[in-house]
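Just below is one structure, and these are the notes that go with it.
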Amino acid sequence: MFRIETEVDKERSMALRSRLRETNTAASPVLSSLRDTGHASQVPLQVWALDADGSLAGGLVGHTWARWLHVTYLWVDDRHRGAGLGTRLLAQAEQTAREDRDCTAVRLETWDFQAPDFYRGRGYEVVCVIPDYPPGITEYTLTKKLA
Numbered sequence: 039m040f041r042i043e044t045e046v047d048k049e050r051s052m053a054l055r056s057r058l059r060e061t062n063t064a065a066s067p068v069l070s071s072l073r074d075t076g077h078a079s080q081v082p083l084q085v086w087a088l089d090a091d092g093s094l095a096g097g098l099v100g101h102t103w104a105r106w107l108h109v110t111y112l113w114v115d116d117r118h119r120g121a122g123l124g125t126r127l128l129a130q131a132e133q134t135a136r137e138d139r140d141c142t143a144v145r146l147e148t149w150d151f152q153a154p155d156f157y158r159g160r161g162y163e164v165v166c167v168i169p170d171y172p173p174g175i176t177e178y179t180l181t182k183k184l185a
């Protein structure tokens, strides 16, 4: 007999994450060997662009893990779009991931109205398409190998 609960519980969430990591590490030789390297933990990676006034013109927020860069957010202010700033932010993140963190690939998610063509134009490949997520929108997962 079990009691099922739907409450948010930070302590249980942390315990669950820890137990899942233990289970995964025991089941996967790849994850097990990863645990003994500097690539075992997520390390934040952020790149910022400030305009002449020091205001935020754009930025990229992500992290590296397991020799991958995961781009979580990339945003450029409307006033600066079309000037190559997004490309510069992405290139800097890729360079930092490759040269300073020994990453070999990048992954990210974007919606159909955001930037799938932007990423394709920079060498990213669509590896997953989820239609109607959220309803009326298509989500894309893209990846890129870092040379």
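This note's numbering puts the first residue of the sequence shown at 39, with every later residue one more than the last.
From the three backbone atoms N, C-alpha and C, an ideal C-beta is built for every residue, glycine too.
Check whether the Cβ atoms of residue i and residue j lie closer than 8 Å to each other.
i      : j      : result
Leu123 : Val114 : yes
Ala143 : Leu112 : no
Thr181 : Arg136 : no
Gly96  : Thr110 : no
Leu83  : Ala121 : no
Leu69  : Thr75  : no
Provide the residue(s) that pair with residue i in DSSP beta bridges, ordered along the chain.
i      : result
Lys182 : Val144
Val165 : Val165 is not bridged to any residue.
Pro82  : His101
Ala87  : Gly96
Val114 : Gly96
Leu107 : Thr102 and Val144
Glu177 : Trp149 and Ile168
Apart from the five residues just before and just after residue i, which ones in its own chain have a Cβ nearer than 7 Å to its Cβ?
i      : result
Tyr162 : Leu180, Thr181 and Lys182
Ser104 : It is Ala, not Ser, that sits at residue 104 in the sequence shown. Same-chain partners within the cutoff: Leu72 and His77.
Thr134 : Leu83
For residue i, which residues in the same chain have their Cβ closer than 8 Å to its Cβ, ignoring the five residues on either side in sequence?
i      : result
Ile175 : Trp149, Asp150 and Phe151
Considering only the alpha carbon of each residue, which of the options lies closest to residue i?
i      : options                           : result
Trp106 : Ala153, Lys48, Glu177 and Ala78   : Ala78
Val167 : Tyr157, Arg158, Arg160 and Tyr178 : Tyr178
Val81  : Asp155, Cys141, Pro169 and Ser56  : Cys141
His118 : Leu88, Asn62 and Thr44            : Leu88
Asp116 : Thr134, Leu54, Leu94 and Arg126   : Leu94
DSSP on residue i, reduced to helix/strand/coil?
i     : result
Glu45 : coil
Thr63 : helix
Met52 : helix
Quick one: residues in its chain with C-beta nearer than 6 Å to the C-beta of residue i, no 5 flanking neighbours on either side, listed in chain order?
i      : result
Tyr157 : Leu180
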